[in-house]
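Student: Residue numbers (this note's numbering), protein chains in the order written: chain G, 1 to 112; chain B, 1 to 114. Using N, Cα and C, we set each Cβ at its ideal position, and we do this for glycine too. Since this is a predicted model, take the numbers as computed values, not measurements.
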Amino acid sequence: KQEVTQIPAALSVPEGENLVLNCSFTDSAIYNLQWFRQDPGKGLTSLLLIQSSQREQTSGRLNASLDKSSGRSTLYIAASQPGDSATYLCAVKGYNFNKFYFGSGTKLNVKP
Amino acid sequence: DAGITQSPRYKITETGRQVTLMCHQTWSHSYMFWYRQDLGHGLRLIYYSAAADITDKGEVPDGYVVSRSKTENFPLTLESATRSQTSVYFCASSLTGGVTTEAFFGQGTRLTVV
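#1: CA-CA distance, A81 (chain B) and R55 (chain G)?
#2: For P14 (chain G), which three-state DSSP category applies?
#3: Taking only the alpha-carbon atoms, compute the straight-line gap between L115 (chain B) and Q6 (chain B) and give it to the nearest angstrom.
#4: Run through DSSP, which three-state label would G94 (chain G) get?
#5: Can you grab the Cα-Cα spacing for the pair L108 (chain G) / G40 (chain B), in whole Å?
#6: Using a Cβ-Cβ cutoff of 7 Å, what residues of the stretch 20–49 of chain G are near chain B? List them in chain order.
#7: Should R44 (chain B) and Y31 (chain B) be called a contact, given that it needs their Cβ atoms to be closer than 8 Å?
#8: Does the beta carbon of Q25 (chain B) sit closer than 8 Å to a beta carbon anywhere in chain G?
#9: Which residues in chain B sit within 7 Å of S104 (chain G), going by Cβ to Cβ distance?
#10: Rounded to whole angstroms, what's the CA-CA distance from G71 (chain G) to A29 (chain G)? Just pull it up for me.
#11: When the Cα of Y48 (chain B) is compared with those of G:Y101, G:N22, G:F25, which residue comes out closest?
#12: Identify which residue in B:T101, B:G106, B:D53, B:S69 has its Cα closest to the Cα of A92 (chain B).
#13: Compute the Euclidean distance between the alpha carbons of V60 (chain B) and G83 (chain G), then round it to the nearest angstrom.
Structure follows, in structure tokens:
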């Protein structure tokens, strides 16, 4: 069974810092990995999707990398802003029945 | 409105009652999913569906029933609600099961069983 772990569980940084969120998974047989953002009391918003054949994807200040062989992904946020405060979740889609397996998330607080 | 919508957004029900959570998507996505989100457990898959009339169990299906008579709807029924089913429920959809397809989520239904 796929296990997805996110470290750290919580992170507090001053505005303007560059930061890295980590995601690791136990089974490298994945179709893709997706990063989501969740605001309190809200649903999940898709940020980036990395296919299994890709190494990274970029969207604005966000860059996600994937090292499938080592079972790791990172989400890099450049020049963090208070509006980036949210919980960030990673999810992997496995070969088996196209299920998504989620990590428990990293709760980010960017202080003004 | 286009997208994926869940109803109701909030629901309080009593132990033993049947309750149905609704999910509707306008994209004609093939795949639909139900997750529950709990502190300490993250998001766990309850049921999913690859197409109309095709459903399968996820990690935590006990106590839940789903149906998918139409592509756009995927209701989740708690046959006899228990306090342990108090949770936030998310519906999601994806176009296909392929490599490039993203999952899109509804806003969630916060269910409280008293």
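Tutor: Let me spell this out:
#1: 44 Å
#2: strand
#3: Limits of chain B in this structure are 1 at one end and 114 at the other, which puts residue 115 (chain B) out of reach.
#4: strand
#5: 17 Å
#6: Y31, N32, Q34, K42, G43, L44, S46, L49
#7: no
#8: no
#9: G42
#10: 9 Å
#11: G:Y101
#12: B:G106
#13: 34 Å
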